[in-house]
Amino acid sequence: MAILEVKNLTHTYSGNSPFVNDAVSDVSFAIEKGEIVGIIGHTGSGKSTLVQHLNGLLKPTEGEVLFENEDIWANPKEIRKIRSKVGLVFQYPEYQLFEETVIKDIAFGPKNMGLEGDELDKTVKEICEIVGVKHEFFEKSPFDLSGGEKRRVAIAGVMAMKPEVIVFDEPTAGLDPKGREDVMKIIRNYRKATGATVIIISHSMEDMANLADKILVMNKGKIYKFDTVANVFSNSEELRNIGLNVPIVTRVFEELSDLGINLPERALTIDSAVEILSALKAEVENA
385 MAILEVKNLT HTYSGNSPFV NDAVSDVSFA IEKGEIVGII GHTGSGKSTL
435 VQHLNGLLKP TEGEVLFENE DIWANPKEIR KIRSKVGLVF QYPEYQLFEE
485 TVIKDIAFGP KNMGLEGDEL DKTVKEICEI VGVKHEFFEK SPFDLSGGEK
535 RRVAIAGVMA MKPEVIVFDE PTAGLDPKGR EDVMKIIRNY RKATGATVII
585 ISHSMEDMAN LADKILVMNK GKIYKFDTVA NVFSNSEELR NIGLNVPIVT
635 RVFEELSDLG INLPERALTI DSAVEILSAL KAEVENA
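Just so we're aligned: the sequence shown equals residues 385 to 671 in our numbering.
Below you can see the structure in the form of structure tokens.
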């Protein structure tokens, strides 16, 4: 069952002016409950504009967005309820921290949703455990934390509202490799614990290969492809033609194949590459 469906969505900036621009043009797709969907595309392809429609931050110029088969703009006065069901984590979310303590910042969203007392405490502590916010940080100012810990707290604040769908816009931007892996682990843990649907914009093909079930490729405001990770990355030439690429390990396998090395399949992740090469080595040794 589709939890989110976008039908013929168009968003036009600067309408009725010489600078009119369709940032998103006649886009349609559906996302199933519990899926992790990656969104990729070159800068200016319409990715961020698209996801800001999913919880009503932007209103379509044309078309509609359905949450559980209902148009989210059917009753504009109720749009705030959609934003508690479809959470959006912006790029560099740590810049939105504002409370005097970590625990107050994480509790801000669920408190505004009406949670209080033991229920509020339980919700916040559950999310802190999933995200890995340490107890000794609870009464600290979020501004005294490291960059990676600030981001962890900011993400926890959105997750604490327990959205059924959570959208990340470049969640690992500006982080070192350890920080990137920490954020990916947080997303995996949250999905495993809650069954939530996850949508991620990323420029990292490696992150998409490791995390996503499907990938939606945007190009010039339109959907270029929406398919499984394996199918999207199966034709690297197509992606290069629109300014994208495939994961590094996939490129390595392509080059090995070009050199005449017969590989049984294409690898998308380091783990899958190790499995394929180990099996190939064992086959050669036993021949």
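For glycine and all other residues, C-beta sits at the position ideal for the given N, C-alpha and C.
All figures in this text were calculated on a predicted structure; none of them were measured in a lab.
- Across the structure, Val633 and Val473 are spaced so that their CA atoms are roughly 29 Å apart.
- In this structure, the alpha-carbon of Asn453 lies about 17 Å from that of Val411.
- Shown here, Glu590 sits in a helix according to DSSP, grouped into three states.
- About 17 Å separates the Cβ atoms of Val567 and Val486, ruling out a contact at the 8 Å cut-off.
- In the three-state reduction of the DSSP assignment, Thr433 falls in the helix class.
- Distance from the CA of Ser656 to the CA of Gly399, rounded to the nearest whole angstrom, comes to 48 Å.
- Its chain contains Gln475, Tyr476 as the residues whose beta carbon lies nearer than 7 Å to that of Ala557, once the 5 sequence neighbours on both sides are disregarded; these appear in chain order.
- Per DSSP, Thr653 lies in no beta strand (DSSP E) and is assigned neither H nor E.
- Look at Ala407 here: in three-state DSSP terms it is strand.
- A check of alpha carbon separations from Ile514 across Thr578, Ser525, Asn459, Lys534 identifies Thr578 as the nearest.
- Your pair Pro555 and Ala580 does not check out as a contact, with CB atoms roughly 14 Å apart and the cut at 8 Å.
- Asn603 has Lys606 as its beta-bridge partners, per DSSP.
- Around the beta carbon of Thr433, a 10 Å sphere encloses 16 or more other beta carbons of the protein chains shown; the residue is thus reported as buried.
- In the three-state scheme derived from DSSP, where H, G and I count as helix and E and B as strand, Ile456 is classed as coil.
- Distance between Leu529 and Met385, taken at the CA atoms: about 41 Å.
- With a cut-off of 8 Å on Cβ pairs, the region 408–424 is in contact with the region 388–397, counting three or more such pairs.
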